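First comes the structure, then the notes that go with it.
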Amino acid sequence: MGSSDTFKSLCLEYGFALILRIWLYNSEFKATVSGRVEVSTPINSWKKVTEGVALYKDGINPYSGDMFHESPVGLVIYSQLIDQATPYLSAIFIIFDLLTGHLLYLTAVEYMKHLMRRQNEDKDEYSEEVKELLLTDKDVKRQPLYVVAAYLFNPYILFNTVAQTTTVFSNFCLAASFFCMVKGNRPVVCLFLSLATLQSLYPIVLIVPAAICIGYHTLPPVNKSKSVTSKLPKIYQKILPRALQSTNSDHWVRSMAATIGLFAAMTSSLLVLSCYISGGWEFVHSVYGFMLLVPDLRPNIGLFWYFFTEMFEHFRLLYLWAFQMNALVLYLLPLSLRTRRDPVLLAATLTGITAMFKSYPSLGDVGFYLALLPMWAHIFPYLQQGFIVLAAFIITSVLGPTVWHLWIYARSANANFYFGVGLAFAIAQIFLITDILLSYTKREFILRQVSGSVFNGKHRKLVLA
Amino acid sequence: MPVLLDPPEGCRRPTYLMVKHHLKLEILMYLGGLIWFLALPSDHIQSASYFSENSLLPGLVKGGFVEDSYAKTLLASLQDEISSHPTQMPYSWLLAQFRQIGLDVYTHNFTVNYPLSRDLAYEGQNVYGILRAPRGSSTEAIVLSVPFRGSKSVHPSTAAGVALILAIAKFCRRQKYWAKDLIFLITEHEQLGAQAWLEAYHKTSSGRDGVLMSGDLVSRGGAIQAAVNLELFSDRISHIDVKIEGLNGQLPNLDLVNLVHMLCNKEGVHHTFHNRANYGDREYSKVDPYKTWAYSLRTMLEMVFAQASGVPNGNHGLFHRFGIEAVTLTGYRKVDRGSPATFYQVGRVLEGILRSLNNLLERFHQSYFFYLLSATDRYISIGVYIPAVGLMASTLLLRALAVWRSLQLPSLQSDKEKLMRAQEISNCFASVGLTVLAAHALGVLLLRVPVWSALYITSIADSSLAMVVGLVAFTTLAIFLPVLKSMHSDAILLLYVIGLIELATILLAVSLHNFPLAVICSIVFVPFALFANGRKLRLLRILGWLLVQPLLLVALLILGYTSIHFPDDPIIAKAIHAFTQALTFSFVDYAVYGNWMLSVATTFLFPTWFVLWIVVLKGNS
Numbered sequence: 129m130g131s132s133d134t135f136k137s138l139c140l141e142y143g144f145a146l147i148l149r150i151w152l153y154n155s156e157f158k159a160t161v162s163g164r165v166e167v168s169t170p171i172n173s174w175k176k177v178t179e180g181v182a183l184y185k186d187g188i189n190p191y192s193g194d195m196f197h198e199s200p201v202g203l204v205i206y207s208q209l210i211d212q213a214t215p216y217l218s219a220i221f222i223i224f225d226l227l228t229g230h231l232l233y234l235t236a237v238e239y240m241k242h243l244m245r246r247q248n249e250d251k252d253e254y255s256e257e258v259k260e261l262l263l264t265d266k267d268v269k270r271q272p273l274y275v276v277a278a279y280l281f282n283p284y285i286l287f288n289t290v291a292q293t294t295t296v297f298s299n300f301c302l303a304a305s306f307f308c309m310v311k312g313n314r315p316v317v318c319l320f321l322s323l324a325t326l327q328s329l330y331p332i333v334l335i336v337p338a339a340i341c342i343g344y345h346t347l348p349p350v351n352k353s354k355s356v357t358s359k360l361p362k363i364y365q366k367i368l369p370r371a372l373q374s375t376n377s378d379h380w381v382r383s384m385a386a387t388i389g390l391f392a393a394m395t396s397s398l399l400v401l402s403c404y405i406s407g408g409w410e411f412v413h414s415v416y417g418f419m420l421l422v423p424d425l426r427p428n429i430g431l432f433w434y435f436f437t438e439m440f441e442h443f444r445l446l447y448l449w450a451f452q453m454n455a456l457v458l459y460l461l462p463l464s465l466r467t468r469r470d471p472v473l474l475a476a477t478l479t480g481i482t483a484m485f486k487s488y489p490s491l492g493d494v495g496f497y498l499a500l501l502p503m504w505a506h507i508f509p510y511l512q513q514g515f516i517v518l519a520a521f522i523i524t525s526v527l528g529p530t531v532w533h534l535w536i537y538a539r540s541a542n543a544n545f546y547f548g549v550g551l552a553f554a555i556a557q558i559f560l561i562t563d564i565l566l567s568y569t570k571r572e573f574i575l576r577q578v579s580g581s582v583f584n585g586k587h588r589k590l591v592l593a
Numbered sequence: 034m035p036v037l038l039d040p041p042e043g044c045r046r047p048t049y050l051m052v053k054h055h056l057k058l059e060i061l062m063y064l065g066g067l068i069w070f071l072a073l074p075s076d077h078i079q080s081a082s083y084f085s086e087n088s089l090l091p092g093l094v095k096g097g098f099v100e101d102s103y104a105k106t107l108l109a110s111l112q113d114e115i116s117s118h119p120t121q122m123p124y125s126w127l128l129a130q131f132r133q134i135g136l137d138v139y140t141h142n143f144t145v146n147y148p149l150s151r152d153l154a155y156e157g158q159n160v161y162g163i164l165r166a167p168r169g170s171s172t173e174a175i176v177l178s179v180p181f182r183g184s185k186s187v188h189p190s191t192a193a194g195v196a197l198i199l200a201i202a203k204f205c206r207r208q209k210y211w212a213k214d215l216i217f218l219i220t221e222h223e224q225l226g227a228q229a230w231l232e233a234y235h236k237t238s239s240g241r242d243g244v245l246m247s248g249d250l251v252s253r254g255g256a257i258q259a260a261v262n263l264e265l266f267s268d269r270i271s272h273i274d275v276k277i278e279g280l281n282g283q284l285p286n287l288d289l290v291n292l293v294h295m296l297c298n299k300e301g302v303h304h305t306f307h308n309r310a311n312y313g314d315r316e317y318s319k320v321d322p323y324k325t326w327a328y329s330l331r332t333m334l335e336m337v338f339a340q341a342s343g344v345p346n347g348n349h350g351l352f353h354r355f356g357i358e359a360v361t362l363t364g365y366r367k368v369d370r371g372s373p374a375t376f377y378q379v380g381r382v383l384e385g386i387l388r389s390l391n392n393l394l395e396r397f398h399q400s401y402f403f404y405l406l407s408a409t410d411r412y413i414s415i416g417v418y419i420p421a422v423g424l425m426a427s428t429l430l431l432r433a434l435a436v437w438r439s440l441q442l443p444s445l446q447s448d449k450e451k452l453m454r455a456q457e458i459s460n461c462f463a464s465v466g467l468t469v470l471a472a473h474a475l476g477v478l479l480l481r482v483p484v485w486s487a488l489y490i491t492s493i494a495d496s497s498l499a500m501v502v503g504l505v506a507f508t509t510l511a512i513f514l515p516v517l518k519s520m521h522s523d524a525i526l527l528l529y530v531i532g533l534i535e536l537a538t539i540l541l542a543v544s545l546h547n548f549p550l551a552v553i554c555s556i557v558f559v560p561f562a563l564f565a566n567g568r569k570l571r572l573l574r575i576l577g578w579l580l581v582q583p584l585l586l587v588a589l590l591i592l593g594y595t596s597i598h599f600p601d602d603p604i605i606a607k608a609i610h611a612f613t614q615a616l617t618f619s620f621v622d623y624a625v626y627g628n629w630m631l632s633v634a635t636t637f638l639f640p641t642w643f644v645l646w647i648v649v650l651k652g653n654s
């Protein structure tokens, strides 16, 4: 496939995606989709944004009530959008969506280059027999196209765009940070990550893969002749993981500290700016308190609402801690250690985990990380649960709205039906993510460890116990 | 065998065995589902119905309804009115009667723009009276409705029903125990009137925009808890048939159905379900289990076919959509000898129902919403009947799993070969994804075809015929579409997997809404879907799958039905007429009431059929 072919198929994809979106915006599905709880949550729904903007314009603090949960920076931007560009709103949403798709494409291109580079570096570690399993130029050309197709034609993303949720913008920020991450641009990645964090808090975990990624990019060229003695105190070297206790350990500590510091500085200055805009710190409770304390238990595709409606009130705090730790920090350290060689995979996994476990998830979040996965299309052959995940995704996506109708409109079913489907959806996602991680490990293992006899014979197995 | 990719054989023995013997298992599961479904009405499986809601207190108070002679007078007067105005509903008479009783009475205007034509509109008017609850704050209401039919109507007159609810209104007016508003509703134009009134009451619209202009109501009561629709064909009633099947196959709460049957029993009114009395009601001979089963099965199948159509068999069916439990009581005229049920008894039944509903503390939430009835006092709950569809739909998933496995060529010995193979398969993902997307796009287009063709081909024919022509032309085009593109054999198999999963999904989703429809679809589609792919008998497979093309299937069913029921008439002409009618009705139902039969058939069933059609056409050639 030549580069002109790639260009042609890219243009085709964008053109088709544009037509699809314009048609959807003008069809009667728009009203239906934007009312769906799977797509619009209290945090991202455009309706709430317009309410908040109306309050803001009337001089009422939108954060004093329980109406508006976007950040003040977002409030100013949206209010400008509504003021200046109301007739072009749908165009703006579509453009941002297409831009997100293109950023993901660029990310994938860059990432595939990086994978090829690493494959060439490590080539001597691989055995002869696995040559056919290595990445080829064809994969490198093709997988970015898959990524952009998986984003632009993903039904979840289509719903999200058509419903005009603010997840379109947070996905844009995330895509931009992914792109800058693979490019190794520290200030911009910090900027976009802090914007995404400001809007929806959970992307804060992505700073870890971002820091690792930038650490790799700024790694000084290996100079074997000169052994660098660490200038850091001994104690730091002890607590660092062994991989980091190399000669480069002070580079790592410095680079990561710089990235995290810059991120912290940017985030806090954005917070101060927000405080200045909204004239007080009430927004912290109304935005981040809302996400962390989960006061609104309207059903969504997540797992919070059902548990917190069912549970006794005095356990609430305990379970809030448990659920939020699950979404934010529980997997951060182990996954960071395990996949530190591939921070982009780590970032995608963390995006997936937060999209699954966060307090107000929407289909836009799910669609975003699903669109990232074709970057690892070369590990799909190692997947074990492919069939189950595929079937579960299809069945739950159809069954969800069906039982919702039965519960809310027909009043013949109840909340258990809907939560059951939501739970199955979450389980399918968990299967998918664990399977991707496991396949990644398997591939690494096969490429490095396998000698001919093991590989062709019947000896070992590698399963998730 | 497999090392790193699949756990060795022994580790997943069940899956391995399942895939190895998938054909036998599939046949077994399909037959199992079918037998389970047919066995449902046996006495070992079904259960006797019971009241789950305590607060109904059915039949606890002695009936006090004595206005039967008033009802008779009204009936005579109303029949005079109808014969003097044969085409119109006697509004002024109705308003006068309600006012005389002392109720607040209002009229409600609505307009229907015929969805298949630009400027064709019908108008109608409903009359309703509200009895404000003396012991409540008008937060809840009960509806008692009658569809009014003029003398030109094709259905039997319901004048007796109108007379009776006026008499009941008069009776209720003097009682002081009502804690819920009673709304007495007389609708025009059959279901259109009821739908318009409900939409106006709830200020919403179920169908497409601009079709049913339901207008607004002058006055409302509280949230409607339950509704009883009354169709009395005479003042001398042979039996009351209780109709429950609603729009999209929705059913009322079983407690309400039981309540009606129990009160009919109490007042000595002969009551039936689908015009079938319980087995052994008439003959007191020895009970033969086989005959009982066969009789119950017949009753259950009557319900299954009525419910599967998705079309309400009475005005009660439209209330379900709004979360209101409702039934229709149809009283048939007594023609043979014997003592009939009179206004007195039927009035007392209605009084009992209203008083029980008045006792309700919360909306109906106990008992069952998903059930099948095989007699007036026997039910089969969802947990018992769902395995029938579950088994049949799972055969599709099992086949999908087997095909998926065979795609990965389990004969390959080493992991390396397997990996290479998997890479080959992943090459087809893009084309398969595109094909599925295109199929669904075709489905969405198909839903638009009726309107477009009715609007733009009207020059050659009337709108219904134009719609049929459009649909048939589009479908024929779609049938020949796969010829254009060739596909890799792996892609075909992958497409088969997706098509099977999708079909199973549709069946499962439909089974939750409308179990009978799902059963019928499973029985018809599953064998053909399983038969769709294979090396031998290509032509037979193609013909088989073509046979279940949704539009063709409907046409064939109608042809069969006409040739059986009207053997003397010119069958083809009659069948074409019936086919046109059926499609028009299904579109009008979709546009007016929000019946999802057409939209599901076009946007889900047709694309799935199309995906599998590609598989049948191109498979293993």
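Residue numbers (my numbering), protein chains in the order written: chain R, 129 to 593; chain E, 34 to 654. All C-beta atoms, glycine included, are put in the ideal place defined by N, C-alpha and C. Because the structure is a prediction, the values reported are computed rather than measured.
Residues that residue i contacts on chain E, provided the C-beta gap is smaller than 7 Å
i, result
"Ala-505 (chain R)", "Ser-459"
"Arg-539 (chain R)", "Gly-356"
"Ile-147 (chain R)", "The premise fails here: Ile-147 (chain R) is roughly 11 Å from chain E at the closest Cβ pair, so nothing lies under 7 Å."
"Glu-641 (chain R)", "Given that chain R is displayed from residue 129 to residue 593, the structure contains no residue 641 (chain R) and the question cannot be resolved."
"Ile-523 (chain R)", "Thr-538 and Leu-541"
"Val-627 (chain R)", "In the structure as shown, chain R starts at 129 and stops at 593, and residue 627 (chain R) therefore has no counterpart that could be examined."
Residue i: contacting residues in chain R (beta-carbon distance under 7 Å)
i, result
"Lys-276 (chain E)", "The premise fails here: Lys-276 (chain E) is roughly 18 Å from chain R at the closest Cβ pair, so nothing lies under 7 Å."
"Leu-430 (chain E)", "Ala-519"
9 Å Cβ cut-off: residues of chain E touching residue i
i, result
"Leu-261 (chain R)", "Lys-449, Leu-452, Met-453 and Gln-456"
"Val-167 (chain R)", "Near Val-167 (chain R) there are no residues of chain E at all, since even the closest Cβ is about 18 Å away, more than 9 Å."
Run of the alpha helix (DSSP H) containing residue i, from where it starts to where it stops
i, result
"Asn-391 (chain E)", "376-392"
"Ile-413 (chain E)", "That residue, Ile-413 (chain E), is in no alpha helix (DSSP H); its beta strand (DSSP E) goes 411-414."
"Glu-395 (chain E)", "Segment: none, Glu-395 (chain E) is in no alpha helix (DSSP H) and carries neither H nor E."
"Tyr-447 (chain R)", "444-456"
Rounded distance between the beta-carbons of residue j and residue i, thought under 8 Å
i, j, result
"Leu-533 (chain E)", "Arg-454 (chain E)", "The pair is not a contact, with the Cβ atoms about 21 Å apart (cut-off 8 Å)."
Rounded separation between residue i and residue j - CA only
i, j, result
"Glu-223 (chain E)", "Pro-180 (chain E)", "6 Å"
"Tyr-328 (chain E)", "Thr-477 (chain R)", "59 Å"
"Val-204 (chain R)", "Phe-553 (chain R)", "36 Å"
"Ala-611 (chain E)", "Gly-550 (chain R)", "43 Å"
"Leu-183 (chain R)", "Glu-410 (chain R)", "15 Å"
"Leu-177 (chain E)", "Glu-221 (chain E)", "14 Å"
"Ser-567 (chain R)", "Phe-573 (chain R)", "10 Å"
"Val-415 (chain R)", "Pro-423 (chain R)", "11 Å"
"Lys-269 (chain R)", "Ala-506 (chain E)", "41 Å"
"Gly-92 (chain E)", "Lys-299 (chain E)", "7 Å"
Where the beta strand (DSSP E) through residue i begins and ends
i, result
"Val-138 (chain E)", "137-146"
Residues that residue i contacts on chain E, provided the C-beta gap is smaller than 8 Å
i, result
"Thr-530 (chain R)", "Ala-542, Leu-545 and His-546"
Chain-ordered neighbours of residue i on chain R, where CB pairs are closer than 9 Å
i, result
"Ala-463 (chain E)", "Arg-270, Leu-273, Tyr-274 and Ala-277"
- Query: Which runs of the alpha helix (DSSP H) fall wholly inside the region 486-523 of chain E and span at least 4 residues, in chain order?
  - Reply: 496-513
- At what residue ranges does the region 225-293 of chain R contain a whole run of the alpha helix (DSSP H), taking only runs of 4 or more? 265-280 and 283-290
- alpha helix (DSSP H) runs contained entirely in the region 77-133 of chain E, provided each spans 4 or more residues: 101-117
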